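Here is the structure we will look at.
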Ligand code: SF4
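Numbering (this note's numbering), first residue to last: 137 to 648.
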C-alpha cells in the first residue's frame, strides 16, 4: 500500500508539473504503526495518518496546490477531539526521546547525503582525526551505554575486553541483527530507516578495538533491511568511508553481510558465530568469550543493532550528555515494540526510567475498546508478565529484573481482562519449544513437558498436582539449561503462576 501511495504522489505531481519542485522521499518507519501509512509534508511538518492510495490526489490538490490542510486525514486527539497536524504535539511522541531512532522517518535511508546532512559520519571523522582507540573506549565507558540486545552488559567494557586480544590474521566487529522476539521489530526498523548509523558505529568500534573486519548477521526474512544495508555499505565504500585508508587516516575497515535463517537461539553470541561459520546455530559454554575466540576462533566483539545505533550520537553530543539521560544504572533511552491490546501500537523510544504506566497509557493511549489493563509481558519469551502493581515501576534493566521480568530486546505486549494468562504463558512456551536448538535435555525435553501440562490446564483437564509440577519443572529447567534460551524459557510460566495463581487454580478440575 505504501508503494502505491508513493507512486500516486509521483504521478499526481508530474501531472501538475510539480515534480521538479517537490520531491517524494521514501523514509524509514515513523514508529506510529497504528496510524500508518503516514505521509509527512515538509517544510510545514504536516503529518497525515492512515493515508490510502486514493487520498493522494486530494492531498496534492488541497495541501500542495491550494495550501489547505486535509483535516480528515490529520490525527485526532482522543481527549480533546481536536485535529493535530504536527507530530510533536501528539501524545504518542510527546514523551519519547529519539536517539537510536533519531533519523528513522526523517531521512531517505538510501541517500548517503541525507545521512551526512544530519551530521552522519562526523563522529567517525572526528575520531579518526583526533582520538586514540583507548580514548574512544573511555568515552564509551563514561557514557554508561549497556547492550540493548537483552544482556545489558556495559558496551565500553565489552569493547575494552575485545581490544586486549590480538590476532595477526583477523579480528571482527559483529553486528547482531538476528532479532527474534515475537512482536519485536526495532532492529529491523533501524536498519530500514537509518542503515548508515550502523555502518558508522561498526567502523568506530573497529577502530577502538583494532579490528579491520565487520560482519552483520541479519535474518534473511528482512529483505528491505538487507537491501538498504547493502546500499549503505556500497555508498560508504564509494565515498571513502569504508575500505582502505578511511578518510586518509591509515585505518582500514570493511563490512560484509551474513544471513540467518530466523532461529531465535542465534541471537545468542556463540550460536550466532557458529551459524555464521556455516555450522548449526547451537550455543557453546563460555568462557572462552567471543572477545577472545569468536568468528573462526579470532577475537570478536558482538553488539546488537540498537546498541550500535546509539554510538555516533554519543560521540557527537558527548558521554556526559548521554549519561545524563536515564536512570542511575541504565543510561540513555530504550526502544520498545509496543503491541497487543493498546490503542497506539508502534515503536517507541523513551528515556530509561520512564514508567510502564507512561508508556502504556500516555504514549500507548491506554487499553483498546475501553477494556481493563491486566498485564504486560516485557522481554519477549524470556521475560515475564508484570501487573497493575508494577505500572509505576521506572523501566530500566535492574527494576524490570527486580519486578520479575526483564528488558530483553524491548518487546512489550499488553494483555487486557479478556485474556487468559495460562494461554498467554502457553503461547510463549510454544515459541521457545519450537526454537530450542535441542542440544541440552532440560530445555529440549523439559520445555515440551511444560507445554503439555499447560495444554492440559488450558483444556480444563489439569490438576492441582500439575500446577505443582509446573512450578518445580520450571525451576529445574532454569537451573540446568545450557544457554539463556532454556534458562529463561520458563519465565512467562513462573511469572504468571506467581501473579495469577487464582486463575490457574480456576482452570484445574480438582480445585476446591
Ligand atoms: Fe539449545 Fe535450549 Fe540448550 Fe540453549 S538451553 S543450548 S537453546 S537446548
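Ideal Cβ positions, reconstructed from N, Cα and C, are used throughout, including at glycine.
The model shown is predicted, which means the values in this text are computed figures rather than measured ones.
Are there 16 or more other CB atoms within 10 angstroms of the CB of residue i, so buried, or fewer, so exposed?
| i | result |
| --- | --- |
| residue 188 | exposed |
| residue 364 | buried |
| residue 295 | buried |
| residue 202 | exposed |
| residue 386 | exposed |
| residue 232 | buried |
| residue 154 | exposed |
| residue 215 | exposed |
| residue 335 | buried |
| residue 206 | buried |
| residue 360 | exposed |
| residue 421 | exposed |
| residue 178 | exposed |
| residue 517 | buried |
| residue 137 | exposed |
| residue 374 | exposed |
| residue 627 | buried |
| residue 86 | For the chain, the structure presents residues 137 to 648; residue 86 sits outside this window and is missing. |
| residue 574 | exposed |
Comparing the CB of residue i with every heavy atom of the ligand SF4, is any distance shorter than 8 Å?
| i | result |
| --- | --- |
| residue 311 | no |
| residue 612 | no |
| residue 585 | no |
| residue 502 | no |
| residue 517 | no |
| residue 575 | yes |
| residue 618 | yes |
| residue 285 | no |
| residue 404 | yes |
| residue 572 | yes |
| residue 609 | no |
| residue 91 | Nothing in the structure corresponds to residue 91, since the chain is present only between 137 and 648. |
| residue 579 | yes |
| residue 622 | yes |
| residue 401 | yes |
| residue 110 | This structure gives no information on residue 110, because the portion of the chain shown stretches from 137 to 648. |
What does DSSP give as the partner residues of residue i in its beta bridges?
| i | result |
| --- | --- |
| residue 521 | 513 |
| residue 315 | According to DSSP, which records beta bridges pairwise, residue 315 is partnered with nothing at all. |
| residue 290 | 282 |
| residue 394 | 353 |
| residue 530 | 491 |
| residue 166 | DSSP, once it has assigned bridges, lists no residue as partnering residue 166. |
| residue 268 | Answer by DSSP bridge pairing: none, since residue 268 is not bridged. |
| residue 620 | Note: residue 620 sits in no beta bridge, so no partner. |
| residue 503 | 478 |
| residue 184 | 175 and 210 |
| residue 243 | For residue 243, which the question treats as bridged, DSSP gives no partner whatsoever. |
| residue 462 | 467 |
| residue 309 | 350 and 437 |
| residue 389 | 379 |
What span of residues does the beta strand (DSSP E) with residue i cover, start to end?
| i | result |
| --- | --- |
| residue 473 | 469 to 476 |
| residue 611 | Where residue 611 is concerned, there is no enclosing beta strand (DSSP E), although the alpha helix (DSSP H) it sits in stretches over 600 to 616. |
| residue 151 | Counting along the chain, residue 151 falls outside any beta strand (DSSP E), though it belongs to the alpha helix (DSSP H) covering 138 to 151. |
| residue 483 | 482 to 487 |
| residue 436 | 436 to 440 |
| residue 175 | 175 to 177 |
Tell me which residue opens and which closes the alpha helix (DSSP H) that residue i is part of.
| i | result |
| --- | --- |
| residue 334 | 331 to 345 |
| residue 557 | 557 to 571 |
| residue 551 | No alpha helix (DSSP H) holds residue 551; the beta strand (DSSP E) holding it covers 547 to 552. |
| residue 584 | 583 to 594 |
| residue 458 | 455 to 459 |
| residue 632 | 627 to 635 |
| residue 374 | 359 to 374 |
| residue 411 | 405 to 412 |
| residue 250 | 248 to 253 |
Taking only beta-carbon atoms, is residue i less than 9 Å away from chain D?
| i | result |
| --- | --- |
| residue 444 | Among the chains of the structure shown, chain D does not appear; only one protein chain is present. |
Exercise for review: Can you check the region 206 to 235 for any alpha helix (DSSP H) of at least 4 residues that lies completely inside it and give the ranges in chain order?
Suggested key: Listed in chain order, the complete alpha helix (DSSP H) runs (minimum 4 residues) inside the region 206 to 235 are 227 to 230.
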